[in-house]
Every structure is written in C-alpha cells, then in structure tokens.
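Yeah, the sequence shown ends on 84 if you go by our numbering, and it's all consecutive. For every residue, glycine included, the Cβ atom is placed at its ideal position computed from N, Cα and C.
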Amino acid sequence: SHPVTFDLQSLFKSIGQISEFTELTLAANLPLTDLKRLTWLSSEQESSHMFVPEQKAATNTTIRLIPMQIRTFNVLVQ
C-alpha cells in the first residue's frame, strides 16, 4: 500500500468551484484545528494513547492519504 495524493477540486469540478473547506474530526462535529486530545499516564506510567504524528489541517485542496487513513471535510461549493 502506498500514499495517494489527489485534488478535491477535481472531484467537485462538475458542480462548481470549492470556495472554502474545513477539515473536521472523524465524527465531523469539530474543526480539526480545535481538537484537543486528553493525555494522562496509567498506573504503570504508560501513555493514555499510542503516539500518532500530528496531522496538520489541510490548507489547500490537494489532499494526501496514507493507507487506512480516513479524513473528513466540510466543503462549500459555488
């Protein structure tokens, strides 16, 4: 499996131009930029979650997905 890069605009070109879009959490209830993860140590001094590299919110319509990754967007098309 390999990462794939594509342009969201190419998916929406038949219905219009993307005027804005926001990357959301997987549940689509919060902008990704507002996400604050809780962290704590267990009684065995282990981290509360596995380390996952920080995913920066998308800033243009070109998106890169790695295998098994799911990303959610709110897209406004005009």
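- [ ] Since I believe residue 31 is in contact with residue 78 (beta carbons under 8 Å), could you give me their beta-carbon distance rounded to a whole number of angstroms?
- [x] For this step, residue 78 is matched to residue 72 along the sequence shown. For this step, residue 31 is matched to residue 25 along the sequence shown. Going by Cβ atoms, the distance from residue 78 to residue 31 rounds to 7 Å, so yes, they are a contact pair.
Task: residue 16 versus residue 69: straight-line alpha-carbon distance, rounded - done: Stepping through the sequence shown from its first residue, residue 16 is reached at position 10. Stepping through the sequence shown from its first residue, residue 69 is reached at position 63. Distance between the alpha carbons of residue 16 and residue 69 is about 11 Å.
Open item on the list: Within 10 Å of its beta-carbon, does residue 12 have 16 or more other beta-carbons around it, so buried, or fewer, so exposed?
Closed with: Counting from 1 along the sequence shown, the entry for residue 12 is found at position 6. By the neighbour-count rule (16 or more Cβ atoms within 10 Å), residue 12 is not buried but exposed.
TODO: Measure the alpha-carbon distance for residue 80 versus residue 28 and round it to whole angstroms.
DONE: In the sequence shown, residue 80 corresponds to position 74, counting from 1. In the sequence shown, residue 28 corresponds to position 22, counting from 1. Cα to Cα, residue 80 sits roughly 5 Å from residue 28.
Task: Coarse secondary structure for residue 28, derived from DSSP in three states - done: Here residue 28 is taken as the residue at index 22 of the sequence shown, counted from 1. It is a strand residue.
Task: Sequence-distant residues of its chain with Cβ nearer than 7 Å to residue 72 (five each side left out) - done: Counting from one through the sequence shown, the residue named residue 72 turns up at place 66. 9, listed in sequence order.
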